[in-house]
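Quick note: the sequence shown uses my numbering, first residue 1443, plus one each step.
Virtual Cβ for every residue (Gly too), placed ideally from N, Cα, C.
Structure first, commentary second.
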Amino acid sequence: MRTGRAGHVYGEFQPVEDAGQLKRIMEQTIAYYGAGMDLPWDGQIPDHVYGRLIQGVVGFKIRISRMEGQWKLHQDHSTQRRSRLIGHLRQTGDRDAIRIADTIAAAHAKPGE
(Lines of atoms letter the chains of each structure in order from A and count residues from 1; the text may use other names and numbers.)
(Lines give C-alpha, C1' and ligand atoms only; values in the text may rest on other atoms or scores of the structure.)
Protein backbone atom coordinates (compact mmCIF):
# COMPACT_ATOMS: atom_id res chain seq x y z
CA MET A 1 0.00 0.00 0.00
CA ARG A 2 1.29 3.44 -0.85
CA THR A 3 1.08 6.48 1.38
CA GLY A 4 -2.31 8.10 1.26
CA ARG A 5 -5.44 9.12 3.02
CA ALA A 6 -8.96 8.08 2.28
CA GLY A 7 -12.13 9.60 3.58
CA HIS A 8 -15.73 8.59 3.28
CA VAL A 9 -18.66 10.82 4.13
CA TYR A 10 -22.13 9.41 4.53
CA GLY A 11 -25.32 11.36 4.74
CA GLU A 12 -28.37 12.79 3.06
CA PHE A 13 -27.93 14.33 -0.40
CA GLN A 14 -29.66 17.71 -0.69
CA PRO A 15 -29.78 19.31 -4.14
CA VAL A 16 -29.34 23.09 -4.31
CA GLU A 17 -31.53 24.50 -7.04
CA ASP A 18 -32.05 28.07 -5.79
CA ALA A 19 -29.91 30.37 -7.96
CA GLY A 20 -29.06 32.74 -5.10
CA GLN A 21 -28.02 29.94 -2.76
CA LEU A 22 -25.95 28.31 -5.49
CA LYS A 23 -24.19 31.61 -6.20
CA ARG A 24 -23.35 32.00 -2.47
CA ILE A 25 -21.88 28.48 -2.40
CA MET A 26 -19.77 29.29 -5.47
CA GLU A 27 -18.54 32.56 -3.92
CA GLN A 28 -17.68 30.85 -0.62
CA THR A 29 -15.81 28.08 -2.47
CA ILE A 30 -13.80 30.59 -4.54
CA ALA A 31 -12.95 32.62 -1.43
CA TYR A 32 -11.89 29.54 0.53
CA TYR A 33 -9.63 28.03 -2.11
CA GLY A 34 -8.28 31.39 -3.25
CA ALA A 35 -7.31 32.56 0.25
CA GLY A 36 -3.91 30.84 0.14
CA MET A 37 -2.93 32.21 -3.26
CA ASP A 38 -0.57 35.13 -3.81
CA LEU A 39 -3.07 36.72 -6.20
CA PRO A 40 -6.48 35.27 -5.32
CA TRP A 41 -9.22 35.54 -7.91
CA ASP A 42 -12.00 37.83 -6.75
CA GLY A 43 -14.63 35.59 -8.33
CA GLN A 44 -16.25 38.42 -10.24
CA ILE A 45 -17.94 37.15 -13.39
CA PRO A 46 -20.16 39.32 -15.60
CA ASP A 47 -23.81 38.32 -15.15
CA HIS A 48 -24.23 37.29 -18.79
CA VAL A 49 -21.25 34.91 -18.52
CA TYR A 50 -22.25 33.62 -15.07
CA GLY A 51 -25.73 32.78 -16.35
CA ARG A 52 -24.26 30.49 -19.01
CA LEU A 53 -21.65 28.89 -16.77
CA ILE A 54 -23.96 28.14 -13.85
CA GLN A 55 -26.19 26.02 -16.09
CA GLY A 56 -23.46 23.38 -16.09
CA VAL A 57 -23.12 23.32 -12.29
CA VAL A 58 -25.00 20.85 -10.11
CA GLY A 59 -25.09 22.23 -6.60
CA PHE A 60 -25.63 20.05 -3.57
CA LYS A 61 -25.13 19.81 0.15
CA ILE A 62 -24.72 16.72 2.28
CA ARG A 63 -26.25 16.51 5.73
CA ILE A 64 -23.44 14.43 7.24
CA SER A 65 -24.41 11.49 9.43
CA ARG A 66 -21.06 9.67 9.54
CA MET A 67 -17.43 10.19 8.50
CA GLU A 68 -14.65 7.63 8.26
CA GLY A 69 -10.97 8.17 7.55
CA GLN A 70 -7.88 6.08 7.05
CA TRP A 71 -4.15 6.78 6.66
CA LYS A 72 -1.53 4.63 4.99
CA LEU A 73 1.97 5.94 5.68
CA HIS A 74 4.47 3.73 3.83
CA GLN A 75 4.34 1.09 6.54
CA ASP A 76 5.17 -1.64 4.01
CA HIS A 77 8.34 0.06 2.68
CA SER A 78 11.92 -0.18 3.84
CA THR A 79 13.36 2.30 6.32
CA GLN A 80 15.69 3.62 3.60
CA ARG A 81 12.82 4.25 1.19
CA ARG A 82 10.72 5.98 3.89
CA SER A 83 13.72 8.18 4.78
CA ARG A 84 14.10 9.28 1.14
CA LEU A 85 10.38 10.06 0.94
CA ILE A 86 10.48 12.07 4.18
CA GLY A 87 13.47 14.04 2.89
CA HIS A 88 11.75 14.75 -0.43
CA LEU A 89 8.54 15.89 1.22
CA ARG A 90 10.41 18.23 3.56
CA GLN A 91 12.43 19.73 0.68
CA THR A 92 9.27 20.84 -1.12
CA GLY A 93 8.75 23.58 1.45
CA ASP A 94 5.01 22.90 1.24
CA ARG A 95 3.40 23.09 4.68
CA ASP A 96 1.14 20.09 4.11
CA ALA A 97 3.95 17.98 2.62
CA ILE A 98 6.11 18.75 5.65
CA ARG A 99 3.28 17.78 8.01
CA ILE A 100 2.90 14.46 6.18
CA ALA A 101 6.66 13.88 6.38
CA ASP A 102 6.60 14.58 10.11
CA THR A 103 3.67 12.21 10.58
CA ILE A 104 5.42 9.41 8.67
CA ALA A 105 8.59 9.96 10.70
CA ALA A 106 6.70 9.93 14.00
CA ALA A 107 4.73 6.79 13.07
CA HIS A 108 7.95 4.89 12.40
CA ALA A 109 10.20 6.36 15.11
CA LYS A 110 11.80 3.92 17.49
CA PRO A 111 11.22 4.56 21.20
CA GLY A 112 13.66 7.19 22.47
CA GLU A 113 14.22 8.87 19.07
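Item: 8 angstroms Cβ cutoff met for Gly1501 and Arg1447; Value: no
Item: Whole-Å CB distance - Lys1503 paired with Gln1470, under 8 angstroms assumed; Value: About 12 angstroms; that fails the 8 angstroms criterion.
Item: The region 1481-1501 in contact with the region 1516-1526 per 3-pair CB rule at 8 angstroms; Value: no
Item: DSSP state of Ile1472 mapped onto helix, strand, coil; Value: helix
Item: Distance, Ile1542 Cα to Arg1532 Cα; Value: 9 angstroms
Item: Collapsed DSSP secondary structure at Lys1514 in the structure displayed; Value: strand
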